[in-house]
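Numbered according to the numbering used here, the sequence shown spans residues 75 to 360.
For every residue, glycine included, the Cβ atom is placed at its ideal position computed from N, Cα and C.
All values reported here derive from a predicted model rather than from experimental measurement.
Notes to accompany the following structure.
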Amino acid sequence: MERHSLRFDHKVVIQKSNVTDTLEYMRMNTENNSNTPGLVVVTGASRGIGLAIARDLAAHGYDLLLTHRDAPEAQSRRQADLMARAREAGFVDTQFIAVNCDLADDDAGDRIAKAVRESGLPLAGLVNNAGITRDGLAMRMSREQFEEVLTVDLTGPFLLCRALLPIMMRQRSGRIVNISSVVGIYGNAGQANYAAAKAGLIGLTRSLAREVASRGITVNAVAPGFIETDMTAAMPEKARAAVIDRIALGRLGQPGDIAHAVRFLLSDDASYITGQVLEVSGGLSI
Ligand code: NAI
Numbered sequence: 075m076e077r078h079s080l081r082f083d084h085k086v087v088i089q090k091s092n093v094t095d096t097l098e099y100m101r102m103n104t105e106n107n108s109n110t111p112g113l114v115v116v117t118g119a120s121r122g123i124g125l126a127i128a129r130d131l132a133a134h135g136y137d138l139l140l141t142h143r144d145a146p147e148a149q150s151r152r153q154a155d156l157m158a159r160a161r162e163a164g165f166v167d168t169q170f171i172a173v174n175c176d177l178a179d180d181d182a183g184d185r186i187a188k189a190v191r192e193s194g195l196p197l198a199g200l201v202n203n204a205g206i207t208r209d210g211l212a213m214r215m216s217r218e219q220f221e222e223v224l225t226v227d228l229t230g231p232f233l234l235c236r237a238l239l240p241i242m243m244r245q246r247s248g249r250i251v252n253i254s255s256v257v258g259i260y261g262n263a264g265q266a267n268y269a270a271a272k273a274g275l276i277g278l279t280r281s282l283a284r285e286v287a288s289r290g291i292t293v294n295a296v297a298p299g300f301i302e303t304d305m306t307a308a309m310p311e312k313a314r315a316a317v318i319d320r321i322a323l324g325r326l327g328q329p330g331d332i333a334h335a336v337r338f339l340l341s342d343d344a345s346y347i348t349g350q351v352l353e354v355s356g357g358l359s360i
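Take a look at the structure:
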C-alpha cells in the first residue's frame, strides 16, 4: 500500500482584509468569532462522499480539517472550491486545514490531533469517512486482503477517535460520526472483509457512545446504501439495475444525501441522539 507521511500542507483563512500572518489572524479569529460552529475533521475528503460532506459543512460555516492523499495542486483546487462555497453562503472567516496522510499509518491519529491542537479552534466533530474495498469471495480472500480493509476502515477510525477524544473530553462537547454501510448491517457476498469492518464500526460507535456520553459527546454512525461515487462506478450495468430494483425510492443515492445526514448528526438538533445507526439508503432494507 502506498504510504505518505503526514504533514501540514496548507492553512488557509478566508478573510475580509488582507492579513498576511495567517497564524496571527487565526488567533484573532478564534477570539472574535463566537458564532462559528467549530472545527470538524473529515477523513477522505478528496472525493465522493467525503468531499460532499466537506462542501456541505463549508457552506454552513464550519471550519474544516480535511485529510486527503493527493498532490498539492489537486488539494489547492479543492480548497478554492470550498472557500467559494463558504463565501457564497456568507461565511468570511471559515478556515480550512488540509492534512496529507494515510490513515493506515500508526501515528496518523496522533498527528491529526496535534494539528487540531495547533489550530487553536474548538473541535466540533470528527467524521470518519475514509474507506476502501478489496472485494472477493471469502474462500479466495487472502489474509492481507482481509486485513488491509480492516486496517483502513476500522482500525483507522478507532485510532482517530482515540486521539481526538481527549480534546472533546476536555471541552465536554463533541460529535463523532462514523461512515459505516448497509453492508455492515446486512452483509454482502464478495465483501466479507468490508462488511466485517463496517459492522465493527457500528460496534465501535455504540461502545464509544456509552463511554463518553457523560461528557456530552455523541457518537453515531451513518450507513449509506448505494451512492454514486468512484466506489460504485465500477459496478457492472446489470448489477446496478438489480440494485436499483431493490431500492424503494428507485434510484442510487447522491453523495449529498449522506452529507445532509452527517450535518444533522453534527448539529445541536441531534444533541439527544447517540449510539445510533442512521441508514441512508433510499429504503433499500424495507
Ligand atoms: P471513495 O473511494 O470515492 O473515497 C474514499 C476516500 O477515502 C478518498 O478520499 C480516499 O483518498 C480516502 N482513503 C482511502 N484510503 C485511505 C487511507 N488509507 N488513508 C487516507 N485516506 C484514505 O469512497 P466513497 O464512495 O466516497 O465512500 C466514502 C465512505 O462511505 C467510505 O467509508 C465507504 O465505505 C462508505 N460507503 C460508501 C458507499 C457508496 O455507495 N459509495 C456505500 C456505503 C458506504
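Excluding its 5 nearest sequence neighbours in each direction, Ile360 has C-beta neighbours in its own chain below 6 Å: Ala322, listed in chain order.
In the structure shown, Ala133 adopts coil according to DSSP, grouped into three states. In this structure, Ile186 has its beta carbon at no less than 7 Å from each heavy atom of the ligand NAI. The three-state secondary structure of Thr141, taken from DSSP, is strand. Taking one beta carbon from each stretch, the stretch 302–322 and the stretch 347–359 have 3 or more pairs nearer than 8 Å; the two touch. For Ile318, DSSP records no beta bridge to any residue. With a cut-off of 7 Å, the C-beta of Phe220 is classified as distant from the ligand NAI, since no heavy atom of the ligand falls inside that distance. Note that the stretch 256–266 does not touch the stretch 240–248; fewer than 3 beta-carbon pairs, one per stretch, sit closer than 8 Å. Distance from the CA atom of Ile347 to the CA atom of Arg143, rounded to whole angstroms, is 32 Å. If you check the CB distance, Gly264 and Asp209 come in under 8 Å. Ranked by Cα distance from Thr306, the first of Gly327, Ala297, Asn294 and Gly290 is Gly327.
Going by beta carbons, Arg152 and Ser120 fall inside the 8 Å limit.
Between Gly124 and Val116, the C-beta spacing is below 8 Å.
Taking C-alpha positions only, Gly205 is separated from Met309 by approximately 17 Å. With three or more CB-CB distances shorter than 8 Å, the stretch 130–146 counts as touching the stretch 163–170. DSSP, read as helix, strand or coil, puts Ile360 in coil.
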